[in-house]
Every structure is written in C-alpha cells, then in structure tokens.
Amino acid sequence: MSEPVSMNLILWRHADAENLPATLALSAQADLARELTDRGRKQAETAAQWLRPRLPDDALILSSPAVRAVQTAHALTPTPRIVRDLAPGANAMTLLGAIDWPGNAQTVVIVGHQPALGQLAALLLSGQEAYWTIKKGGIWWLASRRREDESQVVVRAVVNPDLI
C-alpha cells in the first residue's frame, strides 16, 4: 500500500516573450525586462485557467523576478512570491534550495526559465541533470511520495498551452 503524495511541484515555464534586439543580447537587465507577447499573454491565461481549479487554496506561487515570468504568474495570482534565486541563469540545485524539495508538504508552483526548469525535471525524474526542454508556457506537474520505504517522483501531468 502506498503513502499519499507528500509534495506537489509544478514547473511552469514563462510564456512567449519579446526577443531581445541583438545589441542588447548580453544585457542581463534588458533580459529581465522582457515582456510577454500577445501570444504569451494568451498562453499564460490558458495555462492558468487549466491550473486554477486543480490547485489547493494554499498553493505557493513562486516567480522569477524577470518581467515575463512575473506576468505569467499574474495570470494565476495577483500576488506571486518573487524569488531572486529563480532568475535566468539559475540551475537545478538552486531551484531545489528555493523550494525545500521534497520536505515542503505544500503545493509549490515555480514560474521560471529554461534551461533550469528542464534540468530540474530531469534531475528529479532520472537522477541526473540533463537538458530537457519545457515548452514556453508549458507545465510539468511532479509529485514526491514514499512507497515501500523508497522515495519516488511521479509525473502527474505535462501540459502545453497549445493543447488546452
């Protein structure tokens, strides 16, 4: 007999965003200021509509400080918690530290960036960091649980905004 899921972790990549002009490609400030496109706003709202009825009331919504991530998170809640450690350039281990996986019994939604989100999904599901891709606006819902004294990670859903 299995024990109940102990933590839900939802990885939500920010929706489609403006491209940086080539002259600003190396500017971290310009990258953080990129906004969602019209398509991105629709993606974020569609994904939020799918997520909203499935989340518990006490779900913790964490967002990168990048404007595109905050705008994506705002489609779900007006008050996401902005976490500097989720900014572009973060890695899987930094993300893990920001959420206390799997010790946090709360449902946690991370609104962030590639490649860190894909690397975190790979690490949790395969035990090794790899460059897995989460599509812009896509959601990967993972859960931790214990079964027969073994820690496991379960994929509860993978949702792309084009399919909902």
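All letters in the sequence shown, in the order written, are residues 4 to 167 by our numbering. Backbone N, C-alpha and C fix where the C-beta goes; we use that ideal spot for every residue, glycine too.
Of the residues A133, T110 and V162, the one whose Cα lies closest to the Cα of P59 is T110.
Membership of Q155 in the beta strand (DSSP E) is indicated by the continuous run E153 to V162. R150 sits exposed, since fewer than 16 C-beta atoms from the chains shown fall within 10 Å of its C-beta. Nearest Cα to M10 within the set P24, L63, R148 and V86: R148.
Of all C-beta pairs linking the segment 88 to 96 to the segment 40 to 55, fewer than three are shorter than 8 angstroms, placing the two stretches out of contact. With a contact defined as Cβ atoms closer than 8 angstroms, H17 and R71 qualify at about 5 angstroms. With respect to the 8 angstroms criterion, A20 and L39 are classified as neighbours on the basis of their beta carbons. The DSSP-derived three-state label of A18 is coil.
As a beta-bridge residue in DSSP terms, M10 pairs with S147. Annotation for S129: the continuous alpha helix (DSSP H) segment containing it runs A119 to S129.
With contacts defined by Cβ atoms closer than 8 angstroms, A119 and A95 form a contacting pair.
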